[in-house]
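Residue numbers (the UniProt record's numbering): 1 to 1268.
Where a beta carbon is used, it is the ideal one built from N, C-alpha and C, also for glycine.
What you are looking at is a predicted structure, and each value in this text was computed from that prediction instead of being measured.
First the structure, in the form of structure tokens, and then the observations on it.
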């Protein structure tokens, strides 16, 4: 016999007993345990597909609230005597039943608490046993009865109480206590009975008199205390509960005694419940509905953010559809503000470190959703998220070894670093003509290649100097940076040196570099190839690698040279094209990573990725003819983009010849199956756009190959005809597709963005085919005449370009989001908030037509035929396009019109390129007798000049070749200024000299010398695109060279001489402003004129330069004469670097040393001393630079504003008045000068005002008229 385990047995003894039990069971088949648990199935078992799934009470109540608004049946109508009995389901026989089904109890009644005011007494209410009148001591031979049983038996056995015939026999009546509420103790009943006897013997008048006497003698607080204590225990004697509810007598002061218990006891058969003869209402409080108790917020008051499991920010109070404020949530929190919905960030962090796996996964998933929403801009100005702390938390979570936790942690990190909106828009624009150029996303593009070489040379010289190998201890001056917070590699104590930063500081500065510091590449390699996770984790990890690769070439090179990482990705996820049943497949993101890496250089693929044979693997996806699903479409699109980039970097005719059959097949497939209408799948249209973008570069390369073959021997001529025939077949299919899609667009319109992209792709490819393939002229002419011209003439095209101005990226006003974005993690700005809107939207709307117009412009630009001229007239002379260009030109006529999103990548790559081609069209048509462009309404040259200037202060360093073209073709061309050149005496030599000077300034501002190349030969990834290369005031920029020289203390000027600086900065700006272009605000012009006097050689004294300065001063004086407070000295800056305060101090120092009494210089210093400006300017000059005032020789007519503005209103500042008096007493001013007149006037006004308010002076009292 097996021994029964006891609590003293150890674990080894328990295991030994278990082994003995199993051994005995193996020897004897009939050996069975003493008891077993048997699960009984339902009879009959219903399949799950019937829909009769058991629901909880919460689910039923929620369904009722959503489906109907009918009020529930009152409780009184439920469970009546004559109601139908509840049907009980058939139970299995007791013989086979060991343990039945666990059934959730389904009550038929909903218990609601009474609407009365809750009592003020204690909870639970304390009642003495003697308060029950039927409480008697049981006899010795009788069993003891509970209070509840005594109440039931008394209510049934008392015949004196009438009962209604319709009432249930087992109706329970409860009587309240009749004892005193003020007395306590064992003798309370006796005292209470004695008091009642005395009251019965007294009359009403005696009772009232005695009551008034007691109230007058007792303390009012004591009386109030006794009344408050007596109130909750006042009872109505011998009256049942159900009768008291209907009574309106004043004696019924507590009608809500035990409401929950009485509701429960109304249940049928409750008298047979075990251990329910004692009513304990405090244990039934949980059955009541929970009332909402939420603190009301004051306007503008902040509160702690809470999120749901998807990362959505929850409102302060969850909205309810019920008129009664009851809390019907299915989940209740138990922390602070438990009544509010959602979880705080701290609670999510706590759950993410829980021991329960599901809690960790849910919390990390909520954080991932939250970060994704943050990147879309929906929380801007609403939520302040500690991104750096969240980053470290997620990075620690990624180090776990549980695959499910790693999956959600990688998703959260990918949501933080990989901006889905930016990437989707980048991939979409990649299929356009100029979309292959991709941006770097580094936070600070630190050093140029030349500067890196200089820094390396400095380190070598420092090392040689320590070895005494050279006597030259001087160090080459480092190049001045134009960006703030750049690290100094030669200063180890620099707080911005990232090598010495700790992790937390680096995360606040540059989050991507901090991620790279955490050895993320090796961790991702371990996750992908050691843990071998599902496809979702692979996609998330690859997205992180993509964001790292976009940061800069050093990180991209580190990824590409990690052979285990890249080789593993290619081997595991690109070698097979068989369809996988898994939901997430990472082939397309792996190809995208390879494409981004190849964009850093033309030889990047051959040097670092060629050994992985990605080209051969990607061909298999292009040649695949399996059923096309969404995953295969995405993979083929990435393959098209990858091959297009390779063909553009390294032309390879053999590669294109290999791809040609697949391209023909896919083009034919799109002709048969693509649905151009808006209700068709947009991803198919995107697939067609990517295909057309790949066909275009291939046609160009085939053209080059044919030219080489034509120059070859006659034996090779027959081999050259085959490719030409192939190209004609491809072009025939191409023109068939274009004709079909343009006809559909003419009939149904093109309202969706992918439709416009497809039409633009057709136009780009037709232009390539016309230039590349011999014999395509008839096809092109037929397409232009039969299909493109009717489409442009149709009303559908008018609907497309009607939204040109409203959807323009240049003209639309977007809110500034720089204060809300993640400072340590830059983005491209694909999501913006438009004016008068609060919800962020995509920067490119579905109605944006510029891409289509750009393709149409490029197709018509080189064509001089009649059809092309007619199309140009129809498109670019339309009212919508003319209004668009005039609005853009109007931006240059106001110095306050800031350019929207001047550093946005999509504005530069889409719309600014289009405006550059519009200018090229205008410049090409300038010599014709009849213009056909939209600039015809006003003087064409003036509008072209304004548009060119608009682009000059919008283009970044990455577009330096386009800036040089604008200089050469328009800006420094004398013919662009009409007759203004002759009026100002400007010659062609002056224009050429000025152009050279400004090119030198632009080159000085360039950070990366790669951008100086006329064409991008070193890759398709650009740097230094976030800021414009030139300021809006760039014609005045040469004058800042003298300010920069004073600040740095260099012995001589850079680039230009002082004479060239003053002449270029003032004369060219005068010419531009005379043409109607506003360059700077009046304050900025005042500051630049002040900078003209800061030269080291005082060239402003030369007659020609002095006359130029006086002329510019007179123009500014006339412009500011009618205004009030025209100068903004507090916020003005020149070159976005030097404030007016700093420049004014420099000017005061220079004036004191080398002004030579120049009147123009003096009037500039007097400008902020007018009475309408802040008194701090006057205090600074009259207290610290009072010696300067002696040399101010300007006349009254040379001041900015009338002299009355310096005299009125009268000065009231006591410190300044004391300075006036001290200066006059010391004879520091020249009598009759402007400063002397100002000081004398204010002192006399102060004395006169003081005499008026002074009392009469007595005899012998000294005068006190002078301010000491």
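For residue j and residue i, the rounded distance between their alpha carbons
i, j, result
"residue 349", "residue 559", "31 Å"
"residue 296", "residue 345", "22 Å"
"residue 552", "residue 504", "22 Å"
"residue 642", "residue 613", "13 Å"
"residue 1027", "residue 61", "58 Å"
"residue 574", "residue 617", "6 Å"
"residue 975", "residue 941", "8 Å"
"residue 298", "residue 341", "19 Å"
"residue 887", "residue 857", "20 Å"
"residue 5", "residue 388", "56 Å"
"residue 831", "residue 908", "15 Å"
"residue 1083", "residue 1164", "11 Å"
"residue 23", "residue 7", "23 Å"
"residue 1270", "residue 537", "Missing from the structure shown is residue 1270; the chain here goes from 1 to 1268 and no further."
"residue 379", "residue 373", "7 Å"
"residue 309", "residue 360", "12 Å"
"residue 224", "residue 317", "39 Å"
"residue 1032", "residue 945", "15 Å"
"residue 1300", "residue 621", "Examination of residue 1300 is not possible in this model, given that the chain is present from 1 through 1268 alone."
"residue 429", "residue 441", "17 Å"
"residue 1176", "residue 305", "44 Å"
"residue 834", "residue 996", "40 Å"
"residue 770", "residue 735", "11 Å"
"residue 999", "residue 915", "21 Å"
Residues bridged to residue i [DSSP beta-bridge criterion]
i, result
"residue 842", "831"
"residue 421", "Beta-bridge pairing links residue 421 to no other residue."
"residue 1134", "1138"
"residue 1274", "Only positions 1 to 1268 of the chain appear in this structure, which leaves residue 1274 out of reach."
Alpha helix (DSSP H) segment containing residue i, residue limits
i, result
"residue 1169", "Per DSSP, residue 1169 belongs to no alpha helix (DSSP H) and is neither H nor E."
"residue 961", "960-966"
"residue 661", "653-673"
"residue 202", "First-last for residue 202: undefined, no H or E at that position."
"residue 623", "614-623"
"residue 764", "753-772"
"residue 505", "503-509"
"residue 865", "Neither: residue 865 is in no alpha helix (DSSP H) and is coded neither H nor E."
"residue 585", "Looking at the DSSP string, residue 585 is not in any alpha helix (DSSP H), and its letter there is neither H nor E."
Residue i vs residue j beta-carbon contact at 8 Å
i, j, result
"residue 814", "residue 901", "yes"
"residue 1076", "residue 893", "yes"
"residue 377", "residue 840", "yes"
"residue 760", "residue 852", "yes"
"residue 895", "residue 1081", "yes"
"residue 796", "residue 870", "no"
"residue 737", "residue 671", "yes"
"residue 948", "residue 971", "yes"
"residue 984", "residue 1071", "yes"
"residue 1043", "residue 1091", "yes"
"residue 1234", "residue 1184", "no"
"residue 528", "residue 568", "yes"
"residue 1024", "residue 1007", "yes"
"residue 1275", "residue 698", "Any property of residue 1275 remains undetermined from this structure, which presents the chain solely from 1 to 1268."
Nearest-angstrom beta carbon gap, residue j and residue i [assumed within contact, 8 Å]
i, j, result
"residue 693", "residue 917", "About 18 Å separates the two Cβ atoms, so there is no contact after all."
"residue 1223", "residue 1229", "6 Å"
"residue 392", "residue 416", "With 8 Å as the limit, residue 392 and residue 416 do not qualify as a contact, their Cβ atoms being about 11 Å apart."
"residue 418", "residue 595", "The pair is not a contact, with the Cβ atoms about 15 Å apart (cut-off 8 Å)."
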